[in-house]
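The structure is reproduced here in structure tokens:
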């Protein structure tokens with residue numbers, strides 16, 4: 001089986017290896033919360049928000065009681081420094097839609113972040129349809145000062161799936177967002193991709209990998225669609241119209257995807273981990289922090305699978 005020292009002996013290219021190659025040492029994310037909401041939670045729709053998203057907007061328990069941005073950075077930096085013995089960090093603006101705000105306020109928050117000790121750059125989570133034209137030159141200027149990465153909640157390269165998830169953006173929105181970020185800003189671009197959706201064939205998984213290979217994407221974060229309390233998906237689960245995927249078939253999808261994914265695209269994670277155990281309804285394996293990733297890797301090693309084994313450069 002193909003593994004590489006540059007991949008930390010894993011059968012795929014982990015983001016940790018990418019960070020080591022980029023910064024020369026281990027780098028961890030400091031997750032902070034400054035955004036207040038997402039645009040389609042505020043608009044006049046019968047159903048507001050994505051079917052899987054709870055009131056916290058993807059934030060973990062540690063972000064529910066938040067303080068000033070600088071305090072969040074310092075507190076989390078100290079915790080991570082002690083736990084992982086790491087000296088460099090990226091400030092990750094995670095919950096909600098972080099570009100859905102006043103541009104001056106966003107820049108102020110970024111400037112404050114990169115002025116803090118041991119901060120090597122920033123990561124901004126947002127939607128593909130929430131990148132105003134005036135943002136691109138700002139990101140380009142920031143990219144000349146520090147490492148800048150934009151994480152787009154693409155979720156799927158199927159408009160049917162996006163409608164099911166009530167994302168209220170299209171595949172074309174995602175493709176254009178990725179191209180605009182690269183062509184107009186030149187920043188690092190990552191995407192979030194979701195598996196375990198209805199009618200998700202093997203061919204579709206392969207097509208998704210090939211689509212990503214054709215776009216200028218630097219990294220991808222994989223997660224399984226899971227059910228949290230107080231979400232539209234909970235109602236669907238209770239009514240029997242949605243059944244979350246179990247670990248074994250999910251692992252098959254991930255392995256298929258990785259086999260066709262370019263070996264130059266870093267992988268942030270292989271599966272979701274429920275940040276709020278008390279809110280998780282199903283599947284229960286989403287509570288297990290290490291098991292899903294370890295299971296997928298062990299299956300890849302056992303079957304001599306590795307990222308990019310079927311990748312064909314075009």
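Residue numbers (the numbering used here): 1 to 314.
Backbone N, C-alpha and C fix where the C-beta goes; we use that ideal spot for every residue, glycine too.
None of the values given here were measured: they were computed from a predicted structure.
By the C-beta density criterion, residue 151 is buried, having at least 16 other C-beta atoms within 10 angstroms. For residue 307, the closest alpha carbon among the candidates 296, 106, 263 is that of 263. Residue 125 is bridged by DSSP to 151. The alpha-carbon separation between residue 258 and residue 209 amounts to approximately 8 Å. Selection 181, 190, 196 evaluated against residue 158 yields 196 as nearest (Cα-Cα). For the options 133, 206, 49, 28, the alpha carbon positioned closest to that of residue 87 is the one of 28. Around the C-beta of residue 190, 16 or more other C-beta atoms lie within 10 Å, and the residue is accordingly described as buried.
Residue 89 carries a strand assignment under DSSP once its states are collapsed to helix, strand and coil.
With a cut-off of 8 Å on Cβ pairs, the region 192 to 206 is not in contact with the region 3 to 23, counting fewer than three such pairs.
Scanning 233, 213, 77, 102 for the CA closest to the CA of residue 120 turns up 77. Comparing alpha carbon positions, the residue from 276, 304, 272 closest to residue 290 is 272. Annotated as distal: residue 164 and residue 125, with beta-carbon spacing of 8 Å or more. Runs of beta strand (DSSP E) with 3 or more residues, each lying fully within the region 161 to 239, are found at 188 to 195, 219 to 224, listed in chain order.
Between residue 79 and residue 136, the gap from beta carbon to beta carbon reaches 8 Å or more. DSSP links residue 32 through a beta bridge to 93.
In this chain, residue 144 is not harboured by any beta strand (DSSP E), its DSSP state being neither H nor E.
Distance from the CA of residue 67 to the CA of residue 74, rounded to the nearest whole angstrom, comes to 11 Å. Here DSSP, grouped into helix, strand and coil, assigns residue 118 to coil. Under a 10 Å Cβ-count criterion, residue 229 is classified as exposed, with fewer than 16 other Cβ atoms of the shown protein chains found around its own Cβ. CA-CA distance, residue 188 to residue 149, rounds to 4 Å. Judged by DSSP in its simplified three-state form, residue 261 adopts coil rather than helix or strand. The continuous beta strand (DSSP E) containing residue 281 extends over residues 280 to 282. Contact annotation: residue 147 and residue 90 have beta-carbon atoms nearer than 8 Å.
If you look at residue 269, you'll find it in the beta strand (DSSP E) that goes 266 to 269. Looking only at 227, 249, 311, 127, the smallest Cα-Cα distance to residue 265 is reached by 311. Each residue's CA atom was taken as its position, placing residue 82 and residue 212 some 36 Å apart.
Annotated three-state conformation of residue 14 is strand, per DSSP. Exclusion of the five residues before and after residue 12 leaves 258, 267, 307 as the residues of its chain whose Cβ lies within less than 6 Å of its Cβ.
An exposed status is given to residue 133, since fewer than 16 other beta-carbon atoms sit within 10 Å of its beta-carbon. The beta carbon of residue 297 sits closer than 7 Å to those of 10, 11, all from its chain and outside the five residues before and after it, given in chain order.
Bounds of any alpha helix (DSSP H) do not take in residue 305, whose DSSP letter is neither H nor E.
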